[in-house]
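K.L.:
Using my numbering, the first residue of the sequence shown is number 392, and each one after it goes up by one.
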Amino acid sequence: MKKKLTFNTILLAVTLSFILLGCNKTDDTIDEGTGEERTKIIMEIPSGGNLDSYNWNNATLVWSQDFDDFSFKDNWVFEKNYNNPGNNDQLQKYTEENVELNNGTLKLYAKKVGVGQNKGDYTSSRLSGKFAFQYGRIEINAKLPTGEKPGIWFKLALLGNNIDVVGYPNSGEIDIMEYFSSLPNTYNVTVHSAANNENNGNLISSRNVLETLEEEFHTYGILWTNNYIKFYMDQPENIVYTLDRPSNATEFNWPFDQPFYLLIDTVVGGRYAGAQGVDDSMFPAVMEIDYIRVYHAK
Numbered sequence: 392m393k394k395k396l397t398f399n400t401i402l403l404a405v406t407l408s409f410i411l412l413g414c415n416k417t418d419d420t421i422d423e424g425t426g427e428e429r430t431k432i433i434m435e436i437p438s439g440g441n442l443d444s445y446n447w448n449n450a451t452l453v454w455s456q457d458f459d460d461f462s463f464k465d466n467w468v469f470e471k472n473y474n475n476p477g478n479n480d481q482l483q484k485y486t487e488e489n490v491e492l493n494n495g496t497l498k499l500y501a502k503k504v505g506v507g508q509n510k511g512d513y514t515s516s517r518l519s520g521k522f523a524f525q526y527g528r529i530e531i532n533a534k535l536p537t538g539e540k541p542g543i544w545f546k547l548a549l550l551g552n553n554i555d556v557v558g559y560p561n562s563g564e565i566d567i568m569e570y571f572s573s574l575p576n577t578y579n580v581t582v583h584s585a586a587n588n589e590n591n592g593n594l595i596s597s598r599n600v601l602e603t604l605e606e607e608f609h610t611y612g613i614l615w616t617n618n619y620i621k622f623y624m625d626q627p628e629n630i631v632y633t634l635d636r637p638s639n640a641t642e643f644n645w646p647f648d649q650p651f652y653l654l655i656d657t658v659v660g661g662r663y664a665g666a667q668g669v670d671d672s673m674f675p676a677v678m679e680i681d682y683i684r685v686y687h688a689k
């Protein structure tokens with residue numbers, strides 16, 4: 392059977408697709424640690440165009456990632472150390488071995504491999520994409536683990552492609568979905584910049600509640616232009632939060648006029664996921680990803 396490319400819950404597998412259509416591409420940013428360059432895919436903004444009139448439902452698919460075989464690894468870097476932005480005393484060690492493909496989905500496991508409660512007693516995976524996107528509709532179809540037990544933080548995000556040059560949070564970060572295992576039926580959307588971040592105490596974030604969050608696959612997405620970032624659930628019409636471009640926009644408070652690359656992260660413990668401790672009875676815990684899609688508005 393084949394998946395239907397709808398915007399509602401999707402549970403069946405599709406053929407692996409890797410599509411680059413109708414977009415501008417450049418290869419001028421180095422992907423740290425691999426020696427490779429990220430490919431930029433940029434949606435053109437028409438001069439004087441009414442961006443709010445874009446028909447996002449009829450947008451053009453320009454990039455796609457499915458998980459039918461391990462060729463998907465060609466598009467990702469598996470990070471294998473603790474050196475990532477906002478480490479926050481996390482306890483996990485990143486490893487490529489914590490991913491599995493099954494029935495057309497990517498399964499990312501958090502596992503307990505030691506006594507527990509100490510750094511290195513857990514393993515998980517952190518994947519960063521080899522493509523960087525600027526503007527468009529970006530969505531990820533995923534299923535979260537069940538059980539109200541503290542200790543795990545799943546994140547689907549975008550990081551500024553210039554992070555190696557300007558550092559974090561100056562590069563910017565767009566968290567399309569953040570899930571803390573201690574808060575069932577709840578996920579956050581969050582935006583980081585040099586002006587608004589946790590260190591400054593003025594982080595921009597919105598909490599959203601959905602009763603079927605852990606029971607079904609859901610689509611987490613953004614509609615992104617030079618004037619706004621709109622977060623949605625399942626369908627582009629279902630906007631859960633809107634961040635508008637400030638009238639006095641600068642790179643300090645709006646670093647979002649540049650390419651961003653995808654980040655998939657599973658965190659154990661630390662300042663946020665472990666604020667209420669880590670319940671070792673939840674392991675192994677798994678997040679599943681069905682597909683990732685990037686569209687450009689017509």
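The beta carbon of each residue, even a glycine, is placed where N, CA and C say it ideally should be.
Let me check understanding here. Comparing Cα to Cα, which of 594, 566, 627 lies closest to residue 610?
P.N.:
The residue given as residue 610 occupies position 219 in the sequence shown. Of the listed residues, the one whose Cα sits closest to residue 610 is 627.
K.L.:
Output the distance between the C-alpha atoms of residue 490 and residue 467, rounded to the nearest integer angstrom.
P.N.:
Here residue 490 is taken as the residue at index 99 of the sequence shown, counted from 1. Here residue 467 is taken as the residue at index 76 of the sequence shown, counted from 1. Answer to the nearest angstrom: the Cα atoms are 12 Å apart.
K.L.:
List the DSSP bridge partners of residue 597.
P.N.:
Within the sequence shown, residue 597 is the residue found at index 206, counting from 1. Bridge partners of residue 597: 580.
K.L.:
Use the C-beta contact count for residue 539: other C-beta atoms within 10 angstroms, 16 or more gives buried, fewer gives exposed.
P.N.:
Here residue 539 is taken as the residue at index 148 of the sequence shown, counted from 1. It is exposed - the Cβ of residue 539 has fewer than 16 other Cβ atoms within 10 Å.
K.L.:
Could you pull out every residue in the same chain whose Cβ sits closer than 7 Å to the Cβ of residue 510, ignoring the five residues on either side in sequence?
P.N.:
Against the sequence shown, residue 510 aligns to sequence position 119. The answer, listed in chain order, is 482.
K.L.:
On the three-state DSSP scale, how would you describe residue 607?
P.N.:
In the sequence shown, residue 607 corresponds to position 216, counting from 1. In the structure shown, residue 607 sits in coil (DSSP, three-state: anything other than H, G, I, E or B).
K.L.:
Check whether the region 524 to 532 and the region 598 to 607 are in contact - that is, three or more C-beta pairs closer than 8 Å.
P.N.:
Judged by Cβ distances under 8 Å, the region 524 to 532 makes no contact with the region 598 to 607, as fewer than three pairs qualify.
K.L.:
Would residue 543 and residue 659 be called neighbours here (beta carbons separated by less than 8 Å)?
P.N.:
In the sequence shown, residue 543 corresponds to position 152, counting from 1. In the sequence shown, residue 659 corresponds to position 268, counting from 1. Result yes, Cβ atoms of residue 543 and residue 659 sit closer than 8 Å.
K.L.:
Pick helix, strand or coil for residue 622, following the three-state DSSP scheme.
P.N.:
Translated into positions along the sequence shown, residue 622 becomes position 231. Correct three-state label for residue 622: strand.
K.L.:
Apart from the five residues just before and just after residue 591, which ones in its own chain have a Cβ nearer than 7 Å to its Cβ?
P.N.:
Mapped onto the sequence shown, residue 591 falls at position 200. Hits under 7 Å: none found.
K.L.:
Look up residue 554 in the DSSP assignment and say whether it is helix, strand or coil.
P.N.:
The sequence position of residue 554 within the sequence shown is 163, counting from 1. Helix at residue 554.
K.L.:
Residue range of the alpha helix (DSSP H) that residue 663 falls in?
P.N.:
The residue you call residue 663 lines up with position 272 of the sequence shown. Where residue 663 is concerned, the enclosing alpha helix (DSSP H) stretches over 661 to 664.
K.L.:
Which of the three DSSP states, helix, strand or coil, is assigned to residue 572?
P.N.:
The count along the sequence shown starts at 1 and reaches residue 572 at position 181. It is coil, neither helix nor strand.
K.L.:
Could you give the uninterrupted runs of the alpha helix (DSSP H) lying entirely in the region 626 to 672, keeping only those of 4 residues or more?
P.N.:
Counting whole runs of 4 or more residues, the region 626 to 672 contains the alpha helix (DSSP H) stretches 661 to 664.
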